[in-house]
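Each protein sequence line maps, in turn, to chains D and Y. Sequential numbering from 825 applies to the first sequence in the working numbering. Sequential numbering from 825 applies to the second sequence in the working numbering. By construction, the Cβ of each residue, glycine as well, lies at the ideal position given by its N, Cα and C atoms. Just so you know, these numbers come straight off a predicted model, no measurement behind them. Just below is one structure, and these are the notes that go with it.
Protein chains: 2
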Amino acid sequence: MSYSIGEVSRKLGVTIDTIRYYDKAGLLPFIQRNASGRRAFTENDIHLMRTIVCLKNAGVSVADISKFIAYRLEGDSTLTKRYRLLEDHRQALQQQIADLEDTMTYLKFKEWYYKTAVDAGTESIHFVPGTNEVVPDLAQEYSDHLTAENQLAEREHFANVKDYRNRGTH
Amino acid sequence: MSYSIGEVSRKLGVTIDTIRYYDKAGLLPFIQRNASGRRAFTENDIHLMRTIVCLKNAGVSVADISKFIAYRLEGDSTLTKRYRLLEDHRQALQQQIADLEDTMTYLKFKEWYYKTAVDAGTESIHFVPGTNEVVPDLAQEYSDHLTAENQLAEREHFANVKDYRNRGTH
DNA sequence: ATATATCCTGGAGTCGACTCCAGGACAAGC
DNA sequence: GCTTGTCCTGGAGTCGACTCCAGGATATAT
Chain D
825 MSYSIGEVSR
835 KLGVTIDTIR
845 YYDKAGLLPF
855 IQRNASGRRA
865 FTENDIHLMR
875 TIVCLKNAGV
885 SVADISKFIA
895 YRLEGDSTLT
905 KRYRLLEDHR
915 QALQQQIADL
925 EDTMTYLKFK
935 EWYYKTAVDA
945 GTESIHFVPG
955 TNEVVPDLAQ
965 EYSDHLTAEN
975 QLAEREHFAN
985 VKDYRNRGTH
Chain Y
825 MSYSIGEVSR
835 KLGVTIDTIR
845 YYDKAGLLPF
855 IQRNASGRRA
865 FTENDIHLMR
875 TIVCLKNAGV
885 SVADISKFIA
895 YRLEGDSTLT
905 KRYRLLEDHR
915 QALQQQIADL
925 EDTMTYLKFK
935 EWYYKTAVDA
945 GTESIHFVPG
955 TNEVVPDLAQ
965 EYSDHLTAEN
975 QLAEREHFAN
985 VKDYRNRGTH
């Protein structure tokens with residue numbers, strides 16, 4: 825028993841056009857055709873495609889999934905290559921999330937900077953007296969303003985904020 | 825004192841064309857021009873642009889950064905909006921990384937499945953006797969094969985693998 | 001004063017990942 | 001046997017985020 829492209833589309837929640845696009849792109853070299861030239865998907869094909877959708881959702885490019893599929897066809901000798909490909913993507917994503925967390929930390933710092941400035945009625949409270957330069961260790965002060973209770977949780981945030989110190993504030 | 829687009833490009837590691845593209849896209853509404861119509865970047869502009877690059881690196885789209893900048897111009901009343909925009913992106917990324925980790929767990933499971941099959945000389949060791957169906961609780965067996973030492977660390981992985989059980993193996 | 005570097009705009013080109021369409025071939029229900 | 005539904009291919013269109021011109025003005029160095 826086999827499935828039509830429409831059935832697979834509904835099963836996987838992927839449009840027919842996208843399935844055909846993936847086929848053109850070499851992601852589905854295993855799919856057979858029936859007597860009249862229509863794609864006939866086996867249960868097994870669908871499982872494989874679930875893996876592909878999985879990789880796609882995880883942000884892997886079609887080109888890289890294509891590589892992955894090609895390795896698959898080569899058999900167990902490429903298990904390490906396949907694993908490494910996934911590893912690389914995991915690390916890229918973790919770098920991305922780290923960047924975003926840095927960004928949020930920076931934002932928090934800036935919000936504190938403004939809140940205190942507004943409270944004081946002037947931004948100059950953050951300047952080296954007599955200049956327009958922000959004090960060098962402002963991030964340290966930011967850390968100090970956190971309660972002792974928060975300090976534990978925020979200690980790593982502070983480490984990030986330090987990296988942003990030379991980016992200035994505004 | 826102000827900087828030219830070329831200087832900013834070198835300072836931020838972003839091409840001149842990209843800076844102009846960002847300007848066209850409304851990301852840099854604050855930049856002034858000099859007498860001859862050239863962009864004149866202040867130190868402050870550069871700081872702001874560092875934030876923009878930061879958001880970009882974190883995977884935020886130009887359209888969303890544009891929103892962010894527009895909120896900025898509205899002042900402190902939009903601090904919450906801005907924070908929430910970042911929050912949303914952080915969560916999307918975390919979902920993505922979770923997907924990828926699920927995918928890797930699935931892959932590990934598949935590798936175990938094949939290794940044991942190869943060791944046994946036949947895939948049928950994983951089938952319900954007399955059928956071509958994979959045994960229902962294979963993921964449980966996978967969990968059991970892990971050493972007691974590993975089991976603690978792998979327990980959450982197993983939780984993920986269970987979700988993949990009905991995707992079959994191949 | 002001239003050569004070279006840098007800047008400007010408007011618009012075209014590229015790339016990845018789809019998405020849509022025309023024109024034609026089965027397939028299934030009545 | 002006709003209508004309606006689903007499928008096929010090849011190719012064009014779209015969208016986001018750049019990237020690359022062409023043609024012209026301004027700045028800097030010698």
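Fewer than three pairs of CB atoms, one per stretch, sit closer than 8 Å, so the stretch 910-917 of chain D makes no contact with the stretch 871-880 of chain Y.
Using a Cβ-Cβ cut-off of 8 Å, D/Leu-962 does not count as an interface residue toward chain Y, since no Cβ of chain Y sits closer than that to its own. Taking 8 Å as the cut-off, the beta carbon of Y/Thr-927 is found closer than this to the beta carbon of D/Ala-882. Less than 8 Å separates the beta-carbon of D/Arg-906 from that of D/Phe-892. Residues of the stretch 917-950 of chain Y whose Cβ lies closer than 8 Å to any Cβ of chain D, in chain order: Leu-917, Gln-918, Gln-920, Ile-921, Asp-923, Leu-924, Glu-925, Asp-926, Thr-927, Met-928, Tyr-930, Leu-931, Glu-935, Tyr-938 and Val-942. In its chain, beyond the 5 residues on either side, Arg-862, Arg-863, Ala-864 and Phe-865 have a beta carbon closer than 8 Å to the beta carbon of D/Ser-828. Only those residues of the stretch 891-915 of chain Y whose C-beta falls short of 9 Å from the nearest C-beta of chain D are listed: Asp-900, Leu-903, Arg-906, Tyr-907, Leu-910, Glu-911, His-913 and Arg-914.
The stretch 915-976 of chain Y is shown to contain whole alpha helix (DSSP H) runs of 4 or more residues at 962-969, in chain order. Annotation: the continuous alpha helix (DSSP H) that includes D/Ile-870 extends over 867-881. In the three-state DSSP reduction, Y/Arg-857 falls in the strand class (E or B).
At a C-beta separation below 9 Å, D/Leu-836 has no neighbours in chain Y, since its nearest C-beta there lies roughly 11 Å away. Counting the other Cβ atoms within 10 Å of the Cβ of Y/Val-942 gives fewer than 16, which makes it exposed.
Contact between Y/Tyr-938 and D/Asp-847 is ruled out by a C-beta separation of about 25 Å, above the 8 Å threshold.
Among the bridge pairs identified by DSSP, Y/Arg-863 is matched with Y/Arg-857.
Under the Cβ distance rule, Y/Leu-879 counts among the residues neighbouring chain D, one pair being separated by less than 8 Å.
For D/Ala-882, the C-beta contacts it makes with chain Y under 7 Å involve Gln-920, Asp-923, Leu-924 and Thr-927, in order along the chain.
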